[in-house]
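K.L.:
Before we start, here is the structure in question, set down as structure tokens.
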Amino acid sequence: MYWMMTGTKALKEIATEKDAAVVSRAEEDAASLRAEHNSIQQQAMGTSFVAVPPDQVFQKEMAKLKLELQVPVCSDTFRKIKKYSEKQLHDMAVAFERLESSRQKLLMEVDNQSSEIEKVFWR
Numbered sequence: 001m002y003w004m005m006t007g008t009k010a011l012k013e014i015a016t017e018k019d020a021a022v023v024s025r026a027e028e029d030a031a032s033l034r035a036e037h038n039s040i041q042q043q044a045m046g047t048s049f050v051a052v053p054p055d056q057v058f059q060k061e062m063a064k065l066k067l068e069l070q071v072p073v074c075s076d077t078f079r080k081i082k083k084y085s086e087k088q089l090h091d092m093a094v095a096f097e098r099l100e101s102s103r104q105k106l107l108m109e110v111d112n113q114s115s116e117i118e119k120v121f122w123r
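Quick look at the structure:
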């Protein structure tokens, strides 16, 4: 059971890391869009650098749209990783059950052989 808990914990950590990466990427994209927006405004005005207040609504909408586009990709990737990990976990559990069954059979065989050896020597 320990390895099952560890696998689940690892999947949660992967999801958290993916979410943090998406947010970080959205922030980077927003900063890039801000810079591009300022550059376009400067070109349109035909002047050198003039402090232009950023269009916050535009920036927020662009960041939000980028995030909305990236989240499904991460969610789909997470689902695939989770499905693959669950299959591996199931396969490992099945293999473990087979090994345990074989171990029990071997122990029974050793006991039987021991009993036979004792009978031969104690007659």
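FYI, in our numbering the residues of the sequence shown are 1 to 123.
For each residue, glycine too, the CB sits at the ideal point set by N, CA and C.
Just so you know, these numbers come straight off a predicted model, no measurement behind them.
1) Quick check: the Cα distance between Q104 and M92, rounded to an integer number of angstroms?
2) Buried or exposed for M108, going by 16 or more other Cβ atoms inside 10 Å?
3) I think A30 touches M62, with their Cβ atoms under 8 angstroms apart; what is that distance to the nearest whole Å?
4) What is the DSSP secondary structure of R123, counted as helix, strand or coil?
5) Ignore the nearest five residues each way along the sequence and tell me which others in Q113's own chain have a CB closer than 7 angstroms to its CB.
6) Is the distance from the Cβ of Q59 to the Cβ of R34 below 7 angstroms?
7) Helix or strand or just coil, what does DSSP make of V52?
P.N.:
Checking against the coordinates, here is how it stands:
1) As a first step, residue 104 must be located in the sequence shown, where it is residue number 104. As a first step, residue 92 must be located in the sequence shown, where it is residue number 92. The straight-line gap from Cα to Cα measures roughly 18 angstroms.
2) The residue labelled residue 108 in the question sits at position 108 within the sequence shown. Its Cβ having fewer than 16 others within 10 Å, M108 is exposed.
3) Stepping through the sequence shown from its first residue, residue 30 is reached at position 30. Stepping through the sequence shown from its first residue, residue 62 is reached at position 62. Right, their Cβ atoms sit about 7 angstroms apart.
4) Within the sequence shown, residue 123 is the residue found at index 123, counting from 1. Coil.
5) Here residue 113 refers to the residue found at position 113 when the sequence shown is read from its first residue. Result list for Q113: empty, nothing under 7 angstroms.
6) Taking the first residue of the sequence shown as 1, we reach residue 59 at position 59. Taking the first residue of the sequence shown as 1, we reach residue 34 at position 34. The answer is yes: Cβ separation under 7 angstroms.
7) Sequence index remark: in the sequence shown, residue 52 carries index 52 (1-based). The predicted model places V52 with a pLDDT of 46, which falls under 50 and marks its position as unreliable; any figure quoted below should be read in that light. In this structure, V52 counts as coil in the three-state DSSP scheme.
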